[in-house]
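One structure below.
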Amino acid sequence: MQDYLKEEVFAEGLTRNVPAFSRFFDALGNTHGELTNYADIARDCGIDSKTVKEYYQILIDTLMAIRIEPFKKKQSRQVITKAVKYYLFDVGVAGCLRKRYLIEEKGSEFGKAFEHFLLMEIVAYRSYKGSDFRVNFWRTKYGLEVGYVIGDGEHGGNSSMTSGAAIY
């Protein structure tokens with residue numbers, strides 16, 4: 148699976164540094180769906196953080212990943228976290244990269260996979276409806292998180308969801 152996805156990027160000529168991109172791609176399994184720290188990923192891969200951002204952009208441009216921003220209702224309000232999250236285009240691919248395969252429908256790995264599944268359904272619905280509503284996540288300063296905030300925070304019809312501790 149990894150080789151196929153890497154080859155897609157190389158075939159398009161989007162990067163010429165094959166070893167560096169391969170290290171980045173291998174690191175995706177551990178960073179998928181988590182708050183993104185470009186400096187940590189860069190250090191682990193032996194590249195600079197600007198290159199990490201470029202590699203993520205390649206994944207977005209090739210529809211292999213999506214970027215989720217933290218929710219900010221008012222521009223004047225401080226955002227608890229500025230870190231973004233990246234999700235791969237498929238729950239199974241993400242599990243393969245993580246080298247974790249779900250056996251039971253419980254535990255934190257199942258919760259993360261379920262949250263990813265929900266995101267993919269939201270994105271598919273948005274595309275099907277031809278809508279452009281925002282999908283964000285919200286995190287408190289204490290580390291509690293709402294998985295997805297749907298909408299702009301200004302109009303009725305906004306919604307939020309979280310997989311919650313009960314699923315884990």
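Mapping the sequence shown onto this note's numbering, position 145 (from 1) lands on 292, and the numbers just tick up by one.
For every residue, glycine included, the Cβ atom is placed at its ideal position computed from N, Cα and C.
Counting only runs that start and end within the segment 160-211, where is the alpha helix (DSSP H) found for 4 or more residues in a row? You should have 165-178, 185-192, 196-208.
#### Entry: Beta-bridge partners of Tyr-234, as assigned by DSSP
Ile-213.
Tell me where the beta strand (DSSP E) around Phe-284 begins and ends. Residues 282-286.
query: Within this structure, are the beta carbons of Tyr-234 and Gly-180 separated by less than 7 Å?
result: Yes, these two residues count as a Cβ contact at 7 Å.
| query | Under a Cβ-count criterion, where at least 16 other Cβ atoms within 10 Å of its own Cβ denotes burial, should Tyr-272 be classed as buried or exposed? | reply | Answer is exposed; the Cβ neighbour count stays below 16.
Which class does Val-156 belong to by DSSP, given the choice of helix, strand or coil?
The DSSP-derived three-state label of Val-156 is helix.
Review point. For Glu-292, which of helix, strand or coil comes out of DSSP?
Key: Assigned with DSSP and collapsed to three states, Glu-292 falls in strand.
Q | Span separating the alpha-carbon of Val-199 from that of Ile-215 | A | Rounded to whole angstroms, Val-199 to Ile-215 spans 16 Å at the Cα level.
The alpha helix (DSSP H) with Tyr-272 in it runs from where to where?
-> 255-276 is the span of the alpha helix (DSSP H), which, as asked, contains Tyr-272.
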